[in-house]
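Under the numbering used here, the letters of the sequence shown match residues 1459 to 1886, in that order. The beta-carbon is built from N, C-alpha and C at its ideal position, and this holds for glycine as well.
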Amino acid sequence: MNKVDKIVICILQIIFFITPFSMVISLQLPVLQIGDVSFINVLKDIFLILICLLIIYKLIKKRNISIDNFSVLIISFVIYGGMHIFISNVTPIRGINKFRTVFLYPIVFTSICLYVINFEKYKILHEYIKGIKKFFFIQIIILICGSLLELIMGEKFLRIIYKGYYERLHINLLGQEGLRLVSFVGNPINLSLVLCVGLAYFLFVYSGSTRYFLIPLIIAVILLSFSRTSYLIAGIIILIYIIYSMNKIKNIRKMIISILGIFIFGSVIFNSNYLTEKVSFISKRVETINIKTLSENIRVDNWNRYLNETFKDNILYMSWGGGLGTSNSDSSQKTDSVYIVENSYISILGEMGIIGLVFYLTIIIITLKNIIKLSKYNIEYRAFLAIYLGLCIGSGFNDLYVNNPFSQYFWIITMVVNCRFYKVYLQK
C-alpha cells in the first residue's frame, strides 16, 4: 500500500468511528452546528466525495478497467436514482439532499471495490476491516458506559450530553417519562440497532474473554431501549449464532451462564420493584409483536397514505416512482409533499417505483447469496450474514437505507462481500 491508500483508509475509519456520535459532538461543540446542519456531517461528506473523485481519477488513468457485473448493477441503480432528483413535487434542493443520503455510500464503496479489483489491492480491505473492528469495539464500550450512566443519573446525564436538544429526545413510552435509553446516539431505536450489530460482532468475531461480560450488557441495553424491531433483530442474530455453533455446545453454555450471571448481578444492584417494572414494560412491548397489532400500527397507515397519494394521479408512477425527497422518517420534515414513511422498501417504491425497488432487492439478494457462500469457510462472514439480515429486516420498519450509521454498515458489507467473492470465485 502507498501513502495515499493509507490516508484514504485512515479517513474512512475515522468517519466510521464518529458517525454514531456526530449529534452529540455537534451539540457539545456549537461551533460545529450551523442551524440544523451539522458541520461534521458536511465535512464527512466532503471527504467521501474527495475520496470518490480520487479513485475515479485513478481508474480513468488505467486503460483497461475491469467492471464486474455486480458493480454494473449498483452503478445502474445510482444512475437510475439520479434521474429522480428533479421529477418530484419537492424542491430540487430536497431531491439532491435525498440523493446524497441514499447514494453517496454506494458510490463511494463501489468506487473502492472497483479500485481494489482493478489494482488487486485486497490488502486495503484487510486493513480497513481490521481498523474498523478495533474502532467498533471502542464504540460499543462507549455506548454501554453511556447507557449505564443514563440508568444511574437519569435526566441529569441526558441534559449534560444533549443540552437544549433534551426535550426532543424520544425517550417516553407507555405513559412513562424517560423510559427508553438513548446513550450517546440520540435515539433509542438507533442505539439498540447499533448494539444489535455489536451483538453480532461479539458473538462471531471477538474472541476475548470479556465477551462473556459484554454480551449480557448489550442484550440488557437492547431490552431497555424498548424497540420491538431490535428485539426481533437480536433474536435472529442469536438464532444464527446458535445454528452455526451447534457443534460448539461449550460456547453456548458459557454464554448462557454469563447472561444469567449478569442478570443476577443486576437484580442485586437494583431493587426488585425497579426490575419488576422494567420487565413488565418489556413484556408489553413483546406482546404487541403480532400481525393484528401490526395492521393497527400508525406506521402502516403512513405507508398506505404515502403510496396512495404518490400513485393516485398516474399509474405510471407505480413503475417509475414519484421522485426523490417525497418520503422522510423525520416528523419535523413533514409537509404536504413529504410524507413520513419509516420503511426503506416503501420509500424506495414510492420515490423510484417498482423498477427502483427491483434494483434494491436484487442487490440484497445477490449479496446475501454471496455471504452465505463465503460464510461456509470464514467466521467473519457469518457475522456479516447476521448483521446484513438484521439490517434488511429492520429496513421494513425504519428508513435504514438513509440512516447513518446503518446505511454505512449496509454498503461496507456489500463492498467487502463483492470484492471477496470476486477474488475467490470470479477472478481469472
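C-beta atoms of residue i and residue j nearer than 7 Å
{"i": "Ser1833", "j": "Gly1808", "result": "no"}
{"i": "Gly1783", "j": "Ser1546", "result": "yes"}
{"i": "Trp1457", "j": "Phe1505", "result": "Nothing can be reported for residue 1457: it is not among the residues displayed for the chain, which extend from 1459 to 1886."}
{"i": "Ile1498", "j": "Ser1484", "result": "yes"}
{"i": "Gly1781", "j": "Thr1768", "result": "no"}
{"i": "Val1679", "j": "Ser1569", "result": "no"}
{"i": "Pro1478", "j": "Val1652", "result": "yes"}
{"i": "Ser1887", "j": "Ser1650", "result": "Beyond the ends of the chain as shown, which are 1459 and 1886, falls residue 1887; an answer cannot be given."}
{"i": "Ile1812", "j": "Ser1777", "result": "yes"}
{"i": "Tyr1839", "j": "Ile1829", "result": "yes"}
{"i": "Ile1698", "j": "Ala1841", "result": "no"}
{"i": "Ile1823", "j": "Trp1761", "result": "no"}
{"i": "Ile1673", "j": "Phe1660", "result": "yes"}
{"i": "Lys1700", "j": "Gly1848", "result": "Looking at the sequence itself, residue 1700 is Ile, so the reference to Lys does not match. Cβ atoms of Ile1700 and Gly1848: not closer than 7 Å."}
{"i": "Val1462", "j": "Ser1795", "result": "no"}
Distance between beta carbons of residue j and residue i, contact taken as under 8 Å
{"i": "Asp1857", "j": "Asn1801", "result": "7 Å"}
{"i": "Phe1642", "j": "Leu1601", "result": "6 Å"}
{"i": "Phe1535", "j": "Ile1821", "result": "7 Å"}
{"i": "Ser1853", "j": "Tyr1859", "result": "6 Å"}
{"i": "Val1799", "j": "Tyr1775", "result": "That pair is no contact at about 15 Å."}
{"i": "Ser1683", "j": "Arg1617", "result": "Not really, about 20 Å apart at Cβ, beyond 8 Å."}
{"i": "Tyr1880", "j": "Ile1533", "result": "That pair is no contact at about 15 Å."}
{"i": "Val1975", "j": "Thr1825", "result": "Since the first and last residues shown for the chain are 1459 and 1886, residue 1975 lies out of range."}
{"i": "Tyr1573", "j": "Ile1513", "result": "5 Å"}
{"i": "Tyr1597", "j": "Phe1475", "result": "The identity of residue 1597 in the sequence shown is Gln, whereas the question assumes Tyr. Sure, about 7 Å apart at Cβ, within 8 Å."}
{"i": "Phe1557", "j": "Pro1550", "result": "Contact flag wrong, Cβ pair sits at about 10 Å."}
Assigned exposure category for residue i - 16 Cβ within 10 Å defines buried
{"i": "Leu1657", "result": "buried"}
{"i": "Val1877", "result": "The residue asked about is misnamed: residue 1877 is Cys in this sequence, not Val. Buried, since its Cβ has 16 or more Cβ neighbours within 10 Å."}
{"i": "Asn1645", "result": "buried"}
{"i": "Asn1460", "result": "exposed"}
{"i": "His1542", "result": "buried"}
{"i": "Tyr1586", "result": "buried"}
{"i": "Cys1654", "result": "buried"}
{"i": "Asn1522", "result": "exposed"}
{"i": "Met1873", "result": "buried"}
{"i": "Ile1619", "result": "buried"}
{"i": "Cys1603", "result": "exposed"}
{"i": "Ser1529", "result": "buried"}
{"i": "Gly1539", "result": "buried"}
{"i": "Ile1465", "result": "exposed"}
{"i": "Lys1502", "result": "buried"}
{"i": "Lys1827", "result": "exposed"}
{"i": "Tyr1797", "result": "buried"}
{"i": "Leu1508", "result": "exposed"}
{"i": "Ile1871", "result": "buried"}
{"i": "Asn1648", "result": "buried"}
{"i": "Leu1511", "result": "exposed"}
{"i": "Asn1766", "result": "exposed"}
{"i": "Gly1553", "result": "buried"}
{"i": "Asn1861", "result": "buried"}
{"i": "Val1500", "result": "exposed"}
{"i": "Ile1537", "result": "exposed"}
{"i": "Ile1806", "result": "buried"}
{"i": "Leu1487", "result": "exposed"}
{"i": "Ile1629", "result": "buried"}
CB contact check: residue i to chain D, cutoff 7 Å
{"i": "Glu1809", "result": "Among the protein chains of the structure shown there is no chain D, as only one such chain exists."}
Proximity test, residue i beta-carbon vs the ligand NAP heavy atom, cut-off 6 Å
{"i": "Ile1851", "result": "Among the components modelled here there is no ligand, and therefore nothing to report on the ligand NAP."}
Given 8 Å as the limit, is there contact between the stretch 1578-1588 and the stretch 1555-1568, that is, 3 or more CB pairs closer than that? no
Validate contact between the stretch 1659-1673 and the stretch 1622-1629 using beta carbons, cut 8 Å, 3 pairs: no
The stretch 1582-1598 touching the stretch 1468-1484, judged by at least three CB pairs closer than 8 Å: With contact defined as three or more Cβ pairs closer than 8 Å, the stretch 1582-1598 and the stretch 1468-1484 are in contact.
Spell out a yes or no on whether the stretch 1681-1690 and the stretch 1861-1868 are touching, meaning 3 or more CB-CB pairs, one atom from each, closer than 8 Å. No, the stretch 1681-1690 does not touch the stretch 1861-1868.
Ordered list of alpha helix (DSSP H) runs contained in the stretch 1800-1868, each at least 4 residues: The qualifying runs are 1802-1832 and 1837-1852.
Could you name each continuous alpha helix (DSSP H) segment of 4 residues or more that falls completely within the stretch 1479-1518, going from the start of the chain to the end? 1480-1486
Report the start-end ranges of each alpha helix (DSSP H) in the stretch 1582-1637 that is 4 residues or longer and not cut off at the edges. 1613-1620
Which ranges would you report for the alpha helix (DSSP H) in the stretch 1635-1715 if only whole runs of at least 4 residues count? 1646-1658, 1669-1683 and 1686-1702
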